[in-house]
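Q:
Numbering (my numbering), first residue to last: 89 to 435.
Here you go:
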């Protein structure tokens, strides 16, 4: 039996890639429910007793575990959640001019993780307050497509809610349907990711901005934007954007400096490893090298460690080493920023 054949017979693995998108209601709720329990790392004697097929399935479960992106409670994530929670409370009785949150920073610094953690916290609190109520949609999450038009963004709202958006559907129909569902289901938080795809210097971009503004006026919810370089973008620069700048609190994120929090991140990620020959604490000893290697980017750090763990299972070494981490190609932003960040930092 091959690895792929074993995976095909494993229902957990069959469903591993389905309904995972945060931009659909089913995918979002799977995220809110939390990841499945981590596999149990077997003792050496139990491992030897596994048949070939069972060993393949056991390894596949561990590979799937390491493939998951874990949200680490960094100071930035906590700050975003607290600020977002505060705004939700301040907006609770507002009838207009609701305040919003804008999360910005370089790629790989945790923006999406932060706003998704905020959304998950909000939804879990809503569930706790309204148990056994199934007709509520507390959170709506969309991403702005590249070269987006106003209709495309409105369609993203509809797609999350599961509304039928046909080619002949006009903008007014889509918007009214979205507003109606969000109002009826008590949507209290709207997360809009990849906002940097909106260009205010083009007519289409300006129309997208106007559409989001109209949604924020019609839907009684707190809006949260996330994107790259928003603090210097056209989104906040011109007269049209003055209202956005006047209503949105900006929370910037940056690469982590080398220090106690960085060491804690490495320790937390190392504890998630399920490898038979990996000595806990060995990555902590490499925390300075990991900082240089990733430029302090948490996304690059997670990718490098998880990628090296996957390789360790595939090549049967069962340990993450410095050489294994260095063999993992990182994103371009981390590769470029790493030497610059290393020169600017005391490490």
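Idealized CB from N, CA, C, for every residue including glycine.
What residues are listed by DSSP as bridge partners for residue 192?
A: 315 and 340
Q: Do residue 280 and residue 253 come within 8 Å of each other at the CB atom, strictly closer than that value?
A: no
Q: By the three-class DSSP mapping on this structure, what secondary structure does residue 232 have?
A: coil
Q: Can you tell me which of 294, 248 and 120 puts its alpha carbon nearest to the alpha carbon of residue 237?
A: Here the closest residue by C-alpha is 294.
Q: Would you identify the three-state DSSP class for residue 354, choosing helix, strand or coil?
A: Residue 354 falls in the helix class under three-state DSSP.
Q: Bridge partners of residue 278, per DSSP?
A: 228 and 311
Q: Is the beta carbon of residue 199 less than 8 Å from the beta carbon of residue 314?
A: Result yes, Cβ atoms of residue 199 and residue 314 sit closer than 8 Å.
Q: Just tell me which of 213, 248 and 124 has its CA closest to the CA of residue 232.
A: 248
Q: Buried or exposed, going by whether 16 or more other CB atoms sit within 10 Å of the CB of residue 271?
A: exposed
Q: Helix, strand or coil: which one does DSSP assign to residue 113?
A: In the structure shown, residue 113 sits in a helix (DSSP, three-state: H, G or I).
Q: Determine the DSSP secondary structure at residue 379, reduced to helix, strand or coil.
A: Residue 379 sits in a helix when the DSSP states are folded into three classes.
Q: Can residue 120 and residue 208 be called in contact, C-beta distance under 8 Å?
A: yes
Q: Could you give the uninterrupted runs of the beta strand (DSSP E) lying entirely in the stretch 142 to 220, keeping only those of 3 residues or more?
A: Within the stretch 142 to 220, the complete beta strand (DSSP E) runs of at least 3 residues are 188 to 193.
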